[in-house]
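Beneath this line is the structure, given in structure tokens, with notes to follow.
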Amino acid sequence: MSSENNDYALSVAQRNEILQEQAQAPLISGPQILSANPTTCILANDVNSVPSMAAKLLRILPRYRAIHYLRRDGSCFYRAAMFGLLSAAVASDNVLEALLEICKHTRESIVARFSDYAADFCDVVEDCLENIKSNVIRSSVDLHRYVTSPDNAEYVVFFARYAVACYLMKHEDDLFPFVAAEHEKYSCMDEFCKGEVEVVGQDCDHLHIVAFARTFQTACALEYLDASAGDAIAHIVGPEDVTPITTVSLLYRPGHYDLLIPA
Numbered sequence: 001m002s003s004e005n006n007d008y009a010l011s012v013a014q015r016n017e018i019l020q021e022q023a024q025a026p027l028i029s030g031p032q033i034l035s036a037n038p039t040t041c042i043l044a045n046d047v048n049s050v051p052s053m054a055a056k057l058l059r060i061l062p063r064y065r066a067i068h069y070l071r072r073d074g075s076c077f078y079r080a081a082m083f084g085l086l087s088a089a090v091a092s093d094n095v096l097e098a099l100l101e102i103c104k105h106t107r108e109s110i111v112a113r114f115s116d117y118a119a120d121f122c123d124v125v126e127d128c129l130e131n132i133k134s135n136v137i138r139s140s141v142d143l144h145r146y147v148t149s150p151d152n153a154e155y156v157v158f159f160a161r162y163a164v165a166c167y168l169m170k171h172e173d174d175l176f177p178f179v180a181a182e183h184e185k186y187s188c189m190d191e192f193c194k195g196e197v198e199v200v201g202q203d204c205d206h207l208h209i210v211a212f213a214r215t216f217q218t219a220c221a222l223e224y225l226d227a228s229a230g231d232a233i234a235h236i237v238g239p240e241d242v243t244p245i246t247t248v249s250l251l252y253r254p255g256h257y258d259l260l261i262p263a
């Protein structure tokens, strides 16, 4: 076998090993307690070799008491943001009632674009909210069990992706110029949504987060743990012209999101 073939075989084997490790990771971990001392934090393993990232981590940690690690499967933002949003509904009746109303209108948009089969995705999220309202789901543990169960996990992600796609389509005139600036291969928002949003496993970008925040009237507080210059200050992406019903805090590392729990 040639050297080139050896290198190819090795790269395929390495990729398969990485994919296998990812598949074995939990979709959403239980809450992992964070310490202000970065040497006791799992995240330190990823950043110690990059001084600028280590410095950011040192400034980020005191603001949060725990973190839910997400599987690196391309749907981490949607899964983290939905779990954070539903967790807020468990903690607050006001958030719960607001989210029930938002999801009712979101269902109408999703079914109109994707037909009746997509109603199943809406059912899973609405059933979750009704279970919270009736105290069937009472805690973060109950919620975690519901949204990570084999019957529900991917439907929650589809619901979020389809909701984002509906928002982007509705606001194509305003938002497609941002798509065109980054993705020359797409000639319209419909193509972009089918290629980048509606496909499970496709990473999200900033525009997806904007659409999520506006759809669910939620502020997304993004903590960037990367090598870029600047202070470790959360970047807030929020809804337009309304007060957010809650805030979901997310830690961004290049290509990945985890869910933070504020101190």
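Counting in the UniProt record's numbering, the final residue of the sequence shown is number 263, and the numbers go up one at a time with none missing. Backbone N, C-alpha and C define an ideal beta-carbon position, used for all residues, glycine too.
Name the residue from the options whose alpha carbon lies nearest to the alpha carbon of residue i.
i, options, result
"E223", "L86, L57, C122, I132", "L57"
"R107", "L143, A98, A119", "A119"
"I60", "A44, V199, D203, C103", "A44"
"L260", "D142, F83, D203", "F83"
"A221", "V248, E191, C204, V141", "V248"
"I33", "A55, A219, I42", "I42"
"A91", "Y252, V199, D142", "D142"
"T147", "F178, S134, L86", "In the sequence on display, residue 147 carries Val and not Thr. Closest by alpha carbon: L86."
"V242", "I28, A219, K194", "A219"
"F158", "G238, I132, V111", "V111"
"V95", "I132, H105, S115", "I132"
"C103", "D93, D127, S115", "D127"
Evaluate residue i with the Cβ neighbour count: other Cβ atoms within 10 Å of its Cβ, from every protein chain shown; 16 or more gives buried, anything less gives exposed.
i, result
"D173", "exposed"
"residue 298", "This structure cannot settle anything about residue 298, because the visible part of the chain is limited to 1 through 263."
"D258", "buried"
"residue 277", "Outside the displayed span of the chain (1 to 263) sits residue 277, for which this structure offers no information."
"Y78", "buried"
"residue 294", "In the structure displayed, the chain extends from 1 to 263; residue 294 sits before or after that span and is not available."
"V156", "buried"
"E184", "exposed"
Within its chain, find whatever has a CB closer than 6 Å to the CB of residue i; leave out the 5 residues flanking it on each side and keep chain order.
i, result
"L100", "L129"
"S52", "A227"
"R113", "C166"
"N48", "A54"
"H208", "V164"
"E27", "At residue 27 the sequence reads Leu, which differs from the Glu that was named. Closer than 6 Å at the Cβ level, and outside the excluded window around L27, lie R71, T148, A153."
"H235", "L222"
"A211", "V164, Y167, L168"
"F121", "Y155, F158, F159"
Beta-carbon within less than 8 Å of residue i's beta-carbon, same chain only, minus the 5 sequence neighbours each way: which residues are those?
i, result
"P31", "A66, I67, H68, S140, I261"
"A98", "Q217, I245"
"L250", "F77, A80, A81, G84, C220, A221, L222, E223, Y257, D258, L259, L260"
"E240", "R214"
"S35", "C41, L61"
"S134", "none"
Roughly how many whole angstroms lie between the Cα atoms of residue i and residue j?
i, j, result
"A232", "R63", "11 Å"
"A160", "A88", "16 Å"
"S75", "S109", "21 Å"
"V125", "A263", "27 Å"
"C188", "F176", "7 Å"
"L225", "K170", "32 Å"
"R138", "R145", "11 Å"
"V179", "F192", "8 Å"
"Y117", "R253", "34 Å"
"Y186", "G255", "22 Å"
"E182", "N37", "39 Å"
"D203", "V197", "8 Å"
"S115", "D93", "31 Å"
"A229", "D46", "18 Å"
"V50", "D205", "24 Å"
"H105", "D123", "13 Å"
Output needed for residue i: all residues of its chain with C-beta closer than 7 Å, excluding positions within five of it in sequence on either side, in chain order.
i, result
"S29", "H68, Y69"
"G238", "A213, A219, P244"
"G195", "Y186"
Validate contact between the segment 163-171 and the segment 134-152 using beta carbons, cut 8 Å, 3 pairs: no
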